[in-house]
Amino acid sequence: MFKLNSLKARMNELIRLHQQLIRRIDEQENRVTMAPAEENKVHGFALTINPLM
1 MFKLNSLKAR MNELIRLHQQ LIRRIDEQEN RVTMAPAEEN KVHGFALTIN
51 PLM
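Residue numbering for the sequence shown follows UniProt numbering, starting at 1 and increasing by one per position.
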């Protein structure tokens, strides 16, 4: 049972971090047009994701 609880805690943490990553990507400005991420998304360009630590 301990392993299941540990796995559940790890999965919850991964989900939380994934949601945080999505929010940060959405907040980033588009580096090609300098438009906010919600507007005028440009497809085909790479986005470098740097670790927070």
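The C-beta atom is built at its ideal place from N, Cα and C for all residues, glycine as well.
For residue i, three-class secondary structure by DSSP
i	result
Leu17	helix
Asn50	coil
For residue j and residue i, the rounded distance between their alpha carbons
i	j	result
Ile22	Leu4	27 Å
Lys25	Phe2	Per the sequence shown, the amino acid found at residue 25 is Ile instead of Lys. If you take the alpha carbons of Ile25 and Phe2, they lie about 35 Å apart.
Ser6	Gln19	20 Å
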